[in-house]
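Visitor: Using this note's numbering, the first residue of the sequence shown is number 521, and each one after it goes up by one.
Cβ coordinates follow ideal geometry from the N, Cα and C atoms, glycine included.
Source: prediction; values computed, not measured.
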Amino acid sequence: MKNKRIKKYDDTLCILLVEPSQELRTYFSNAIKSINEYTIIVATSAEDAYEVLSKVHKTIHFILFNWTLPIIPGYIFSQQIKNQSEYDHIELVAYSREFTNEDLFLISEIEINYTISEIITGKITKKMEEIRNDYNITSPILRKIQRLKHCILEENLKMCEEILHDEKIKQKIANNHKFFYLKGEVMILQKRYNEAIDFFQRRLRKNSKEKEIEVLRNMSTMGKAYCLAGRFKESLLIFKKLEQKSPRNLKHKVNTGEALLGLDKINAAEKKFNSVLEKNDTNQNAIHGMVKAKSILGHENEAMDYYKKLDGSFESRSIISYYNNKGVSLVRNGKLDEAIKFYKIALNFFEAFKGEIYFNLGMAYFRGKDIENAADCFKHALASENFDALTQKTLIKAFEAEGIENFIKKFRDAS
521 MKNKRIKKYD
531 DTLCILLVEP
541 SQELRTYFSN
551 AIKSINEYTI
561 IVATSAEDAY
571 EVLSKVHKTI
581 HFILFNWTLP
591 IIPGYIFSQQ
601 IKNQSEYDHI
611 ELVAYSREFT
621 NEDLFLISEI
631 EINYTISEII
641 TGKITKKMEE
651 IRNDYNITSP
661 ILRKIQRLKH
671 CILEENLKMC
681 EEILHDEKIK
691 QKIANNHKFF
701 YLKGEVMILQ
711 KRYNEAIDFF
721 QRRLRKNSKE
731 KEIEVLRNMS
741 TMGKAYCLAG
751 RFKESLLIFK
761 KLEQKSPRNL
771 KHKVNTGEAL
781 LGLDKINAAE
791 KKFNSVLEKN
801 DTNQNAIHGM
811 VKAKSILGHE
821 NEAMDYYKKL
831 DGSFESRSII
841 SYYNNKGVSL
851 VRNGKLDEAI
861 KFYKIALNFF
871 EAFKGEIYFN
881 LGMAYFRGKD
891 IENAADCFKH
901 ALASENFDAL
911 TQKTLIKAFE
921 AEGIENFIKK
931 FRDAS
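#1: Please report the straight-line C-alpha distance between G743 and T802, rounded to a whole angstrom.
#2: List the endpoints of the continuous beta strand (DSSP E) containing L830.
#3: So the beta strand (DSSP E) E499 belongs to, where does it begin and stop?
#4: To the nearest whole angstrom, what separates the beta carbons of L797 and A788, a pair I think is in contact under 8 Å?
#5: Output the distance between the C-alpha atoms of K760 and K814, rounded to the nearest integer angstrom.
#6: Determine contact between the stretch 709-719 and the stretch 593-611, defined as no fewer than three beta-carbon pairs at a distance below 8 Å.
#7: Once the 5 residues before and after I860 are set aside, which same chain residues still bring their CB inside 8 Å of it?
#8: For E687, is the classification buried or exposed, using 16 other Cβ atoms within 10 angstroms of its Cβ as the cut-off for buried?
#9: Can you list, in chain order, the residues of its chain whose CB lies under 7 Å from that of Y843, leaving out five sequence neighbours each side?
#10: Pick from N621, I632 and G875: whose alpha carbon is nearest that of I583?
#11: Might you give, ordered along the chain, the residues of its own chain that have their beta carbon closer than 6 Å to the beta carbon of W587, omitting 5 neighbours on each side?
#12: Quick check on the burial criterion: 16 or more other C-beta atoms within 10 angstroms. Buried or exposed for E732?
#13: Who are L702's beta bridge partners in DSSP?
#14: Sort out for me which residues DSSP pairs T635 with in a bridge.
#15: Span of the alpha helix (DSSP H) holding Y713?
#16: Mind checking who I560 pairs with in its DSSP beta bridge?
#17: Looking at the strands, I want to know which residues DSSP matches up with F582.
#18: On a Cα-Cα basis, can you pick out the residue from G832, G818 and K785 that is closest to H808?
#19: In terms of alpha-carbon separation, which member of M648, S598, Y570 and H581 lies closest to A551?
#20: At 4 residues or longer, what runs of the alpha helix (DSSP H) sit wholly inside the stretch 733-799?
#21: Across the stretch 641-661 and the stretch 669-676, are there enough close Cβ pairs to call them in contact, namely three or more that are closer than 8 Å?
#22: In three-state terms, what does DSSP make of A694?
#23: Name the residue from S841, A749, E763 and L748 whose alpha carbon lies nearest to the alpha carbon of L736.
#24: Unbroken alpha helix (DSSP H) runs of length 4 or more, entirely within the stretch 875-919: which are they?
#25: For V851, count neighbouring Cβ atoms within 10 angstroms of its own Cβ and tell me buried if that reaches 16, exposed if not.
#26: Are N738 and V774 close, meaning C-beta to C-beta below 7 Å?
#27: Consider the C-beta atom of K688 and the heavy atoms of the ligand GTP; say whether any pair is separated by less than 6 Å.
#28: When the Cα atoms are used, what is the spatial distance from L702 to G777?
#29: With distance defined between alpha-carbon atoms, name the residue in N769, S766, P767 and G704 nearest to L748.
#30: Using three-state DSSP, classify N656 as helix, strand or coil.
#31: Please report how far the alpha carbon of S838 lies from the alpha carbon of E539, in whole angstroms.
#32: Where do the ends of the alpha helix (DSSP H) carrying A551 lie?
#33: In terms of alpha-carbon separation, which member of K726, T741 and N695 lies closest to I708?
#34: Excluding the five sequence neighbours on either side, which residues of its own chain have a C-beta within less than 7 Å of the C-beta of L856, listed in chain order?
#35: If you run the structure through DSSP and keep just helix, strand and coil, what is T645?
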């Protein structure tokens with residue numbers, strides 16, 4: 521534990537044990553209770569664990585779980601936990617009598633730091649003591665990098681940039697293959713998509729000593745950058761390769777679906793999202809994908825059904841960017857009716873960004889020479905929370921200068 525600072529904690533560390541077998545629950549509980557520094561909460565299934573987490577996740581430090589859980593297996597359960605930003609302070613500890621090479625690859629890929637493969641009381645106790653010590657003796661730099669990952673998940677660009685002002689963090693990311701992809705993730709938040717692509721391409725061309733797992737992380741982030749840059753064919757090629765390499769990583773399947781949406785292969789995208797939902801019907805990223813797909817198809821009721829499953833967890837900068845870009849693409853391709861229907865459906869899903877949807881809906885009406893409806897949308901856009909961001913738009917300036925009646929008369933006569 522060189523170069524690490526010991527941090528003392530007043531409270532004990534809390535473990536959530538997820539184990540369906542009564543015998544194994546008792547076995548693990550007794551082993552863990554013999555270590556004074558731990559308290560334990562027990563869940564009999566992944567569903568029970570989700571219920572516990574919904575109530576007390578802030579007090580939990582570790583989830584110790586059986587990799588071969590029934591119904592929702594460990595490889596699904598762990599990815600679901602990893603995808604929730606509110607749980608990213610929790611360390612996962614997977615145990616199994618035998619991990620396959622495929623298991624270990626996925627465990628490394630989704631960054632599970634601890635595993636137990638020998639379920640013997642003395643060895644469990646020793647392993648949990650090692651994990652406790654490792655957790656309590658963590659460098660400030662690694663804690664800050666964990667904070668950076670959290671901010672990336674939250675799309676908190678301001679905080680990401682603040683963390684990256686620290687020269688030690690910059691050096692750690694630049695010199696450690698494991699964290700290199702984080703720089704690209706921040707570039708994506710900054711909407712520097714093509715720069716991020718070039719950044720990763722240069723890295724991948726180098727004759728570096730990166731492990732295969734780090735190369736795949738870089739490729740995954742690069743694929744995301746391709747998708748956001750509108751280069752969907754390249755993105756699809758990358759994510760198909762990643763799927764082949766790691767077929768149980770649900771993130772790769774969702775990203776493949778996103779690339780297919782960009783290529784207007786909506787049915788294929790739905791099939792891909794559904795393949796994820798068949799394994800985990802609460803996967804938020806796959807549900808996001810289905811909301812988008814149903815919106816594009818104009819299936820408002822179905823889009824709303826999927827949206828309701830998210831309990832309000834939908835609105836984000838990346839998703840509003842998707843809706844804006846997709847609608848603009850429909851307008852540019854002369855599909856005005858489809859664009860109008862698409863934006864009308866989207867109004868159901870946004871509050872903070874509703875003004876942007878109203879503005880783009882107004883632009884679609886304007887392009888179709890429906891000036892009255894365009895003016896009505898611009899009025900709603902200016903009344904929205906984020907209207908300041910819209911005041912530099914040319915038509916919004918004209919609308920504000922003319923007033924609604926003169927605006928309608930001027931542009932209706934011109935058309």
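Guide: In short, the structure shows the following:
#1: As a first step, residue 743 is located in the sequence shown; it is residue number 223 there, counting from the start. As a first step, residue 802 is located in the sequence shown; it is residue number 282 there, counting from the start. In a straight line, the C-alpha of G743 is about 24 Å away from that of T802.
#2: Residue mapping note: residue 830 aligns to position 310 of the sequence shown, counting from 1. Taken as a continuous stretch (DSSP letters only), L830 belongs to no beta strand (DSSP E), as it is neither H nor E.
#3: Residue 499 falls outside the range modelled here, since the chain spans only 521 to 935, and no answer is possible.
#4: To locate residue 797, count along the sequence shown from 1; it is residue 277. To locate residue 788, count along the sequence shown from 1; it is residue 268. Your pair L797 and A788 does not check out as a contact, with CB atoms roughly 15 Å apart and the cut at 8 Å.
#5: Here residue 760 corresponds to residue number 240 of the sequence shown, with the count starting at 1. Here residue 814 corresponds to residue number 294 of the sequence shown, with the count starting at 1. A direct Cα-Cα distance of roughly 23 Å separates K760 from K814.
#6: Cβ pair count under 8 Å is below three, so no.
#7: Taking the first residue of the sequence shown as position 1, residue 860 is located at position 340. Scanning its chain for C-beta atoms nearer than 8 Å, with the 5 sequence neighbours on each side dropped, one finds around I860 the residues L881, A884, Y885 and G888, in chain order.
#8: In the sequence shown, the residue the question calls residue 687 occupies position 167. When all chains shown are included, E687 counts as exposed.
#9: For the purposes of this step, residue 843 is taken as residue 323 along the sequence shown, with counting starting at 1. For Y843, same chain residues with a beta-carbon under 7 Å away, outside a window of 5 residues either side, are A866 and I877 in chain order.
#10: Taking the first residue of the sequence shown as position 1, residue 583 is located at position 63. Considering only alpha carbons, the answer is I632.
#11: The residue given as residue 587 occupies position 67 in the sequence shown. So the qualifying residues of the chain are G594, A614 and S616.
#12: As a working mapping, residue 732 is identified with position 212 in the sequence shown. By the beta-carbon neighbour count (other beta carbons within 10 angstroms, threshold 16), E732 is exposed.
#13: Stepping through the sequence shown from its first residue, residue 702 is reached at position 182. L702 pairs with nothing; no bridge assigned.
#14: By 1-based counting over the sequence shown, the position of residue 635 is 115. Answer is A614, bridged to T635.
#15: To locate residue 713, count along the sequence shown from 1; it is residue 193. Segment Y713 to R725, the alpha helix (DSSP H) holding Y713.
#16: Within the sequence shown, numbered from 1, the residue matching residue 560 stands at position 40. Answer by DSSP bridge pairing, in chain order: I535.
#17: Against the sequence shown, residue 582 aligns to sequence position 62. Beta-bridge pairing by DSSP links F582 to I535 and E611.
#18: For the purposes of this step, residue 808 is identified with residue 288 of the sequence shown, where counting begins at 1. Checking every option, the nearest Cα to that of H808 belongs to G832.
#19: Translated into the one-based positions of the sequence shown, residue 551 becomes position 31. In terms of Cα proximity to A551, the closest of M648, S598, Y570 and H581 is M648.
#20: DSSP runs (the alpha helix (DSSP H)) wholly in the stretch 733-799: 752-765, 770-782 and 786-799.
#21: Between the stretch 641-661 and the stretch 669-676 there are fewer than three inter-stretch CB-CB distances shorter than 8 Å, so the stretches are not counted as touching.
#22: For this step, residue 694 is matched to residue 174 along the sequence shown. Note: A694 maps to helix in three-state DSSP.
#23: As a working mapping, residue 736 is identified with position 216 in the sequence shown. The option with the nearest alpha carbon to L736 is E763.
#24: Listed in chain order, they are 891-902.
#25: Mapped onto the sequence shown, residue 851 falls at position 331. It counts as buried.
#26: Position 218 of the sequence shown, counting from 1, holds the residue named residue 738. Position 254 of the sequence shown, counting from 1, holds the residue named residue 774. Against a cut-off of 7 Å, the Cβ pair of V774 and N738 comes out as no contact.
#27: This structure simply doesn't include the ligand GTP, nor any ligand for that matter.
#28: If you number the sequence shown from 1, residue 702 lands on position 182. If you number the sequence shown from 1, residue 777 lands on position 257. Between the alpha carbons of L702 and G777 lies a distance of about 23 Å.
#29: To locate residue 748, count along the sequence shown from 1; it is residue 228. Of N769, S766, P767 and G704, the residue nearest in Cα terms is G704.
#30: If you number the sequence shown from 1, residue 656 lands on position 136. The answer is helix: DSSP assigns N656 an H, G or I state.
#31: Working through the sequence shown from its first residue, we reach residue 838 at position 318. Working through the sequence shown from its first residue, we reach residue 539 at position 19. Cα to Cα, S838 sits roughly 37 Å from E539.
#32: Stepping through the sequence shown from its first residue, residue 551 is reached at position 31. Q542 to K553 is the extent of the alpha helix (DSSP H) around A551.
#33: To locate residue 708, count along the sequence shown from 1; it is residue 188. The option with the nearest alpha carbon to I708 is T741.
#34: As a working note, residue 856 is residue 336 in the sequence shown. Excluding residues within five positions, the ones whose Cβ falls inside 7 Å are A884, R887 and G888.
#35: Position 125 of the sequence shown, counted from the first residue, corresponds to residue 645. T645 falls in the helix class under three-state DSSP.
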